[in-house]
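Scroll down for the structure; my scribbles are underneath it.
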Amino acid sequence: MSTTDSTVRSAGRIGADEFKHLVEQRAGQLLSLVDFISQQDTREVVLSRPLLGELHSQAMQIEELLDAYDAGNNCSWCWFRSLTAALKLFSDVTYELLHIQHSVPDYRLMPIENDFVKATDQVLGFTCDVLVHACHLMGVRSRQLGLTIVPNGHELGKYAEKLPGGRLPRDCRARRVETVAETVTLLATAFLGLAADSEDIRGAGRAGPDQYACYLAGPVTEDKLRSLELRFHNLQSLYDTKVSGTEIAAMDADLPVLRGHISVVFHLLKTATLFAHHYERHLDRKPCEIASSREPLVNRDALLAALMSYSIRHISLYIACTEQLCQDMLKRYAEVAEVTVPVPPYRGFHVRPSTLISKLVLHYGSEVRMLMDNEVYDAGSPLELFRANEKINAAKRRRLAETIDDLKLNGECTGSADVKEAVHEAVMQLVQRGKVILYQQPLELPAESMQTIGRLQEQVTVEVARLLTLGKIDVDVDLMVRFVGDRRVLDDIRLLAESGYGEDHLGNNVALPQKLVYLRR
7 MSTTDSTVRS AGRIGADEFK HLVEQRAGQL LSLVDFISQQ DTREVVLSRP LLGELHSQAM
67 QIEELLDAYD AGNNCSWCWF RSLTAALKLF SDVTYELLHI QHSVPDYRLM PIENDFVKAT
127 DQVLGFTCDV LVHACHLMGV RSRQLGLTIV PNGHELGKYA EKLPGGRLPR DCRARRVETV
187 AETVTLLATA FLGLAADSED IRGAGRAGPD QYACYLAGPV TEDKLRSLEL RFHNLQSLYD
247 TKVSGTEIAA MDADLPVLRG HISVVFHLLK TATLFAHHYE RHLDRKPCEI ASSREPLVNR
307 DALLAALMSY SIRHISLYIA CTEQLCQDML KRYAEVAEVT VPVPPYRGFH VRPSTLISKL
367 VLHYGSEVRM LMDNEVYDAG SPLELFRANE KINAAKRRRL AETIDDLKLN GECTGSADVK
427 EAVHEAVMQL VQRGKVILYQ QPLELPAESM QTIGRLQEQV TVEVARLLTL GKIDVDVDLM
487 VRFVGDRRVL DDIRLLAESG YGEDHLGNNV ALPQKLVYLR R
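Quick look at the structure:
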């Protein structure tokens with residue numbers, strides 16, 4: 007061993023020739039495949055799952071080898087490493103798109119406003135062109151590095167995906183399951199929860215090109231997309247565990263439709279995650295040896311269109327139509343029940359609690375009614391719930407008059423000053439006794455009393471009731487209301503009520519339980 011080689015090894019470095027020989031040896035299959043692809047005249051050759059699977063496997067292995075030797079930070083090899091990463095990612099996303107294309111007939115997808123098949127074909131054209139261009143550049147760079155590319159017997163027929171029609175007979179014995187309703191509601195409820203958690207992504211699906219940058223800096227990030235992708239994958243696995251191989255699918259025709267929509271959203275999320283990864287990690291990152299004037303491997307606008315106009319847009323559309331499907335399924339298996347809960351302690355059914363309740367009811371899509379003193383209200387409508395405040399406020403005024411009666415206020419008042427003094431003293435006594443909640447400190451009374459002459463108790467009752475109307479004080483009346491509807495919805499309403507309807511006794515916002523956090527979105 008020469009002195010130079012010894013110095014390199016003792017310094018923890020590999021010699022240039024030794025590393026070149028290592029890559030040439032290990033990347034032979036990848037380079038021959040890259041050379042084969044770059045020579046093709048049509049996209050159809052590249053759009054083959056056997057070929058893409060082989061390309062992805064080889065690129066993944068070589069990327070790992072390059073990273074083990076820190077090639078991404080070496081001027082000679084960083085561009086080669088970048089091209090390898092692009093081959094791995096775009097072979098992966100193209101494979102996903104082909105999976106979607108082949109599976110669409112089996113997914114039983116509901117109609118949407120976009121032509122999904124045509125959109126998928128267009129994005130496949132984009133990813134295929136990127137792959138061919140990356141293969142061409144990989145060949146150029148390999149020869150610049152002195153790597154030998156040896157043809158390895160690649161032929162068009164080797165990767166042709168000729169699929170005969172038909173299916174194998176389903177002759178496995180199906181498992182018997184008795185809990186059809188429980189299974190349907192479990193899956194439908196789980197999808198609705200994910201739909202609520204996807205609201206930011208769905209909002210991005212409605213955005214125009216001029217808004218893409220804003221969303222890419224917020225909800226449409228690789229991290230958030232990957233997290234949502236995992237959760238939809240888990241839901242697909244839950245379906246396969248509960249339904250696949252059982253008789254349930256034959257008992258409810260909507261279940262296979264639900265499975266198809268879970269799957270298409272999951273695979274679209276996989277494509278979105280990969281597109282977002284390249285946008286965030288590779289689009290603007292230029293290897294050190296590349297002149298800034300050289301065009302990037304991937305066109306920014308085309309990548310954004312693939313991510314936003316295709317992946318995110320169709321995720322939004324398919325989640326939206328599946329929400330309605332799940333709500334219809336839940337209605338069929340609704341277990342009608344009743345729950346009694348207290349009215350919101352702070353000002354009754356004002357904006358916050360009414361909005362949260364209606365949002366909860368609409369989330370499940372079930373009909374829920376609220377009953378109070380023989381009056382019926384639609385719990386899915388905030389305006390309907392607002393009406394209940396008429397009865398609540400009337401009850402508070404009655405309770406307020408009763409508590410003022412207990413003060414035994416006697417005598418007459420002859421002027422505004424006497425009324426104000428008596429009202430202030432009465433309110434302070436009621437606060438001390440825990441009968442009244444004071445929202446304004448110090449308490450400011452109206453400039454003019456409604457009347458200044460008459461019995462003291464009557465005038466104080468009128469003025470204190472006015473303070474109640476103005477929202478400066480409140481009275482705890484311990485009123486209860488009943489909700490009637492699907493048990494699953496009522497369980498969440500009970501949980502919301504136990505959490506103070508999202509506010510404390512002073513009307514301040516408080517955290518909701520984890521199960522209900524979607525109501526804040």
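Numbered continuously in our numbering, the sequence shown closes out at residue 527. Ideal placement from N, C-alpha and C gives every residue a C-beta, glycine not left out. This structure is a prediction, so every number in the text was calculated from the model and none was measured.
Buried is the label assigned to LEU496, since at least 16 other Cβ atoms lie within 10 Å of its Cβ. Ranking ILE321, LEU451, ARG208, VAL52 by CA distance to the CA of ALA140 puts VAL52 first. Here DSSP, grouped into helix, strand and coil, assigns PRO302 to coil. In the pairwise beta carbon analysis, the region 335-348 is classified as touching the region 184-203: at least three pairs are separated by under 8 Å. Cβ contact annotation for ARG461 (same chain, cutoff 7 Å, sequence separation greater than five): GLU418, in chain order.
For ARG375, the enclosing beta strand (DSSP E) has its first and last residue at 375-378.
With contacts defined by Cβ atoms closer than 8 Å, LEU153 and LEU37 form a contacting pair. THR100 and THR133 have their alpha carbons spaced roughly 6 Å apart. Excluding five sequence positions before and after ALA471, the CB atoms of its chain that fall closer than 8 Å to its own CB belong to ARG403, LEU406, ALA407, given in chain order. The C-alpha of ILE118 lies about 20 Å from the C-alpha of LEU200. Inter-residue distance for PRO359 and PHE86 is about 59 Å (C-alpha atoms, whole angstroms). Where ARG353 is concerned, there is no enclosing alpha helix (DSSP H), because DSSP gives it neither an H nor an E. At the C-beta level, GLY491 and VAL374 come within 8 Å of one another. Under the three-state reduction of DSSP, THR185 is assigned to coil, being neither helix nor strand. Comparing alpha carbon positions, the residue from SER364, GLY371, ARG32 closest to LEU391 is SER364. Per the C-alpha coordinates, the member of ALA92, LEU151, ASP112 positioned closest to CYS81 is LEU151.
In this chain, TYR101 is not harboured by any beta strand (DSSP E); it is covered by the alpha helix (DSSP H) spanning 84-113.
Look at THR328 here: in three-state DSSP terms it is helix. With 16 or more other CB atoms across the displayed protein chains lying within 10 angstroms of its CB, ILE398 is buried. Here DSSP, grouped into helix, strand and coil, assigns MET116 to coil.
Assignment of ASP258 by DSSP, reduced to helix, strand and coil, places it in the coil class.
Secondary structure note for ASP135: its alpha helix (DSSP H) is the uninterrupted segment 122-150. Between THR328 and PHE197, the C-beta gap is smaller than 8 Å, which places the two residues in contact. Of the residues assessed, HIS511 falls on the exposed side of the cut-off, its CB having fewer than 16 other CB atoms within 10 angstroms. Distance from the Cα of PRO388 is smallest, within the candidate group VAL367, MET257, LYS94, for VAL367.
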